[in-house]
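Written below as structure tokens is the structure these notes are about.
Numbering (our numbering), first residue to last: 5 to 86.
As structure tokens, then:
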């Protein structure tokens, strides 16, 4: 039986339209995730920087990273419909 994906961590910043799209996409599909706002939380900003980018949205799912709003990639990794 395939392993369930790890709970996603969504790195966002205030005012980021792409972050809003990813957040909405996940919620519309009932996908649980942890949101970390790098613009207001220094620990989140440090964790985001440790991934090698300061860009958002960044969705981290186990070893996978999805930068930006890419519904086809999100659907494949999370095994849900677009």
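Positions of the beta carbon are idealized from the N, C-alpha and C atoms, including for glycine.
Going by the CB atoms, is the gap between residue 25 and residue 73 shorter than 8 Å? yes
Rounded to whole angstroms, what's the CA-CA distance from residue 19 to residue 10? Just pull it up for me. 27 Å
Once DSSP output is grouped into helix, strand and coil, what is the label at residue 64? strand
Between residue 31 and the ligand NAD, is the CB less than 7 Å from at least one heavy atom? The ligand content of the structure shown is nil, which means the ligand NAD is not present either.
Pop quiz: residue 15 and residue 42 are said to be a contact at Cβ under 8 Å. What is the actual Cβ separation, rounded to whole angstroms? 5 Å
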